[in-house]
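Scroll down for the structure; my scribbles are underneath it.
Numbering (my numbering), first residue to last: 5 to 93.
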């Protein structure tokens, strides 16, 4: 959301028994979230589902947060080099 992109998360539903250890339970609730953080579609927690949402490319391309801040205009690439140097790369 910080980068104003669509986010699609997918999760399984149901229970899976394992040879060792406790069974795994998957909670479902997959979702599609818009660049502004609104949930466009959400699957139920139980049962399989197919979700569809319209993707508005112009909204994802708009990186303006307000009249004073733009995600691309505010980038500081000179900071990336110092981060890479500290990590040993």
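Every residue, glycine too, gets a C-beta built ideally from N, C-alpha and C.
Cβ shell of residue 13 (< 7 Å), same chain only, five flanking positions each side left out
34, 35
So is residue 41 buried or exposed if we call it buried at 16+ other beta carbons inside 10 Å?
exposed
From 59, 50, 51, 27, residue whose alpha carbon lies closest to that of residue 2
The structure shown does not extend to residue 2, since the chain is modelled only from 5 through 93, so no value can be given for it.
Where does residue 8 fall in DSSP's three states?
coil
Residue 27: buried (16+ other C-beta within 10 angstroms of its C-beta) or exposed?
exposed
Among 22, 16, 25, 38, which residue has its Cα nearest to the Cα of residue 9?
38
Whole runs of the beta strand (DSSP E) within the region 6-56, excluding any shorter than 3 residues
11-13, 17-20, 28-31, 35-37, 43-46
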